[in-house]
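The next block holds one structure in the form of structure tokens; read it before the comments.
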Amino acid sequence: MAENEKVLEAIEVAKATGKLRRGTNETTKAIERGTAKLVVVAKDITPPEIVIHLPMLCKEKNIPCATVPSKEELGAAAGLGIATGAVAIVEEGESKKLVQEIIGQMKHG
1 MAENEKVLEA
11 IEVAKATGKL
21 RRGTNETTKA
31 IERGTAKLVV
41 VAKDITPPEI
51 VIHLPMLCKE
61 KNIPCATVPS
71 KEELGAAAGL
81 GIATGAVAIV
91 EEGESKKLVQ
101 EIIGQMKHG
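For the record, in the sequence shown the residue sitting at position 56 is 56 according to the numbering used here, with numbers rising by one throughout.
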């Protein structure tokens with residue numbers, strides 16, 4: 001399974017069995033509060049300044065941050081009818097193993 005597909009699947013499973021924060025503002029709050037387990041940012045957001053602070057904030061708070069190519073795919077995986085620039089998984093639910101795999105792959109490249 002490709003990394004992007006795995007990330008989107010983790011979001012879909014967490015949406016059904018855990019908790020998500022959707023959108024740049026909600027994701028930023030989850031990072032600042034330290035409740036985010038995994039942050040996912042869309043690469044195709046314009047202007048990029050909307051989400052550019054998220055990876056740096058994640059690094060500061062030691063929270064893993066993944067990217068996906070499409071804001072439309074990210075929004076769909078999060079159960080939104082519209083595109084979104086960022087999603088934070090705050091409770092993994094049944095996606096816990098998948099989230100751990102993603103984080104492991106990110107650390108070991």
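Virtual Cβ for every residue (Gly too), placed ideally from N, Cα, C.
* **Where leucine 8 falls: helix, strand or coil (DSSP)** => helix
* Run of the alpha helix (DSSP H) containing threonine 84, from where it starts to where it stops -> Careful: threonine 84 lies outside any alpha helix (DSSP H) and carries neither H nor E.
* Asked: Going by C-alpha distance, which of Lys43, Gly23, Leu57 and Pro47 is nearest arginine 33?
  -> Among Lys43, Gly23, Leu57 and Pro47, the Cα nearest to that of arginine 33 is on Leu57.
* Asked: If you follow the alpha helix (DSSP H) that lysine 37 is part of, which residue opens it and which one closes it?
  -> Unbroken run through lysine 37: none, as it is neither H nor E.
* To do: Would you tell me roughly how many angstroms separate the C-alpha atoms of lysine 37 and isoleucine 89, rounded to the nearest one?
  => Each residue's alpha carbon lies about 6 Å from the other.
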